[in-house]
Structure formats: C-alpha cells, structure tokens
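Below is one structure, written out as structure tokens; comments come after it.
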Amino acid sequence: MVNQTPGDIEIMEGENITLECRFKTVGNLSNMYVRWYKNETLLSNQTEEQTINEDLEEGFSSLTLWKAHTSRSGMYRCEVGVRGRNLTGSGKESRVIISGQLPSEQKTNPDQKPGSENHKEAGAGFEIGVAAGAAVGVFLFLLLIGVFVWRQKKRGSPAATSGTESDANEEAGKQHLPLAGQMSDVTYADLRFKRNEGQPESEVVYAEVKPGRQQRAGINGRPQAKVRGSR
17 MVNQTPGDIE IMEGENITLE CRFKTVGNLS NMYVRWYKNE TLLSNQTEEQ TINEDLEEGF
77 SSLTLWKAHT SRSGMYRCEV GVRGRNLTGS GKESRVIISG QLPSEQKTNP DQKPGSENHK
137 EAGAGFEIGV AAGAAVGVFL FLLLIGVFVW RQKKRGSPAA TSGTESDANE EAGKQHLPLA
197 GQMSDVTYAD LRFKRNEGQP ESEVVYAEVK PGRQQRAGIN GRPQAKVRGS R
C-alpha cells in the first residue's frame, strides 16, 4: 500500500515544493526500491533542481523541487517495488501547477492574504484617479475665470477707447471750426450817432489874435476877438 501527498498543489515560480510517499515494507529491504516519475518519465535521484530522499526502514521517500520553474509543472507519482518478486505499487498522482513569479512585495510577506495586493493596487489607482480629476477640475475652473476676466476687459476696452477718441475729436473740432461757424457766434450792435445842436461850454476854444505891424486900415487898435470853435 502506497500513500502519496499532497494530491494537487499550486505554487508560485521560485518556491520550493516537497512531495511525500509513504509505504509498507515487504521482505528484504535490500530488494526494495522507490522511483519518482514526472508525466511518466523517470526522474534522477539528485540534480540541482530536485532531490530524492528515501528511508526504506521507515517506509518513507520524498521528492523536493528547488526554486521550481513553470516548466516543472506536471503530474508526479512515486512507485515502490520489490526486485525478484515482480511486486510494485504506486501512489495517487500529484498535480503540480507552478504559476508566474511572485511580486517582490508578496515574497517578503508570506502571511499576506491572496487578493490583498490587488485591493491595494485598486485603492492606489482610485486615489491617483481622484487626484488627477481634482487637478483637472481646478485647471478648468481657473481657465474659465481667466476667460471671463479677459472677455470683461475686452468689452470695456473699446468703450473707453471710443470715448477717448470721441473727446479728442470733439476738442479738435472746436479748435478747427470753420469761419462761418465762428461768425455765427458774432453779436451785431446797431450804433447810431446823433449830432448835437450845440457844443458845451467846455468845448469852446479861445484863441488870442495879435495884429501884425502892417494892418489894414480900419482894424488897428481892435480889441482881442473871441473866437469860438469846436474841437
């Protein structure tokens, strides 16, 4: 009777795995043997990748795969026999599945539950997504504010410029008004001068007339004459 354990096993690449085979001794121990097969191919007792140990007195044998590679996946079984008596027995095959290499983080933490790494990665991805979304939202908000301010400045600028230009044009128009326009502001006055019939006493001019040496007859010795004239 041969008992082989474990039945099915799945490990990660780079791990070690040991298969055990227990049996009942029969007859002379020197005639007994134990062989290990992979996919019905006989395995060597000792290599760099595997080690086969056996203790016939205890009825025990083991196969250890060192740093197993994915290529070592397959069906393993042990066979126990007695030479000369054509007596053999085999254990139930063990299915060995070796998956891809473990992440370095999981290798250093063997107590980590399966799937916890995926949860961490999902959580980290969610946080990154939230941060990226917040950054994009802030950027869009600032962009909208900038556009709004720019549009307000653009709307106010033409009005101010137009007002300045209008004032300048009005001032220039005042300085360069045509003559006809200036004449329209002239006030005409009707001046009429009246001639006074008499002159005031203050405007009378007195002149002293002296006769010459030779005077006409009849006028020598006339007193001073009073002449009234106007200025």
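This note's numbering numbers the first residue of the sequence shown as 17 and each following residue consecutively. Think of the CB as a built atom: it goes at the ideal place given N, C-alpha and C, for glycine as much as any other residue. Note that the structure is predicted; figures quoted are calculated from it, not measured.
Quick one: grab the DSSP three-state call for tyrosine 72.
Looking at the sequence shown, residue 72 is not tyrosine but leucine. Coil at leucine 72, not helix or strand.
When Ile68, Asn44, Val163 and Arg88 are compared against threonine 80, the one with the closest alpha-carbon:
Nearest C-alpha to threonine 80: Ile68.
For methionine 17, count neighbouring C-beta atoms within 10 Å of its own C-beta (all shown protein chains included) and say buried if the count is 16 or more, exposed if not.
Under this definition methionine 17 is an exposed residue.
Compute the Euclidean distance between the alpha carbons of histidine 85 and valine 154, then round it to the nearest angstrom.
Distance between the alpha carbons of histidine 85 and valine 154: 50 Å.
With a CB to CB cut of under 8 Å and the five nearest residues on each side skipped, what residues in its chain are close to glycine 100?
Cβ within range, chain order: Asn47.
On the DSSP letters alone, give me the boundaries of the beta strand (DSSP E) that valine 18 sits inside.
First-last of the beta strand (DSSP E) with valine 18: 18 to 21.
Using a Cβ-Cβ cut-off of 6 Å (strictly less than) and excluding sequence neighbours within five positions of aspartate 24, which residues of its own chain qualify?
Only Arg111 meet the Cβ criterion.
Pick helix, strand or coil for glycine 100, following the three-state DSSP scheme.
DSSP places glycine 100 in coil when its eight states are reduced to three.
Under a Cβ-count criterion, where at least 16 other Cβ atoms within 10 Å of its own Cβ denotes burial, should valine 50 be classed as buried or exposed?
Result: buried.
Arginine 167, DSSP secondary structure in three states:
Helix, per DSSP.
In whole angstroms, what separates the C-alpha of isoleucine 144 from that of tryptophan 166?
Straight-line measurement puts the Cα of tryptophan 166 at about 33 Å from the Cα of isoleucine 144.
Look at the alpha carbon of aspartate 71 and the alpha carbon of serine 106, and state the distance between them as a whole number of angstroms.
Aspartate 71 and serine 106: Cα-Cα distance of roughly 17 Å.
Which of helix, strand or coil DSSP assigns to leucine 195
Low confidence applies here, because leucine 195 scores a pLDDT of 49, under 50, leaving its location unreliable and the question unanswered by this model.
What are the boundary residues of the beta strand (DSSP E) that includes valine 50?
Note, valine 50: beta strand (DSSP E), 48 to 54.
Quick one: what's got a C-beta closer than 8 Å to arginine 93's C-beta in the same chain, skipping five residues either side?
Contacts found: Gln20, Trp52, Tyr53, Ser106, Gly107, Lys108, Glu109 and Ser110.
Alpha-carbon to alpha-carbon, serine 60 and glycine 90
A straight-line Cα-Cα distance of about 16 Å links glycine 90 and serine 60.
Does DSSP put glutamate 36 in a helix, a strand or coil?
Glutamate 36 falls in the strand class under three-state DSSP.
Glycine 105, DSSP secondary structure in three states
If DSSP states are grouped into helix, strand and coil, glycine 105 belongs with the strands.
Run the CB neighbour count on glycine 149, radius 10 Å, all protein chains shown included, and call it buried at 16 or more, exposed below.
Exposed.
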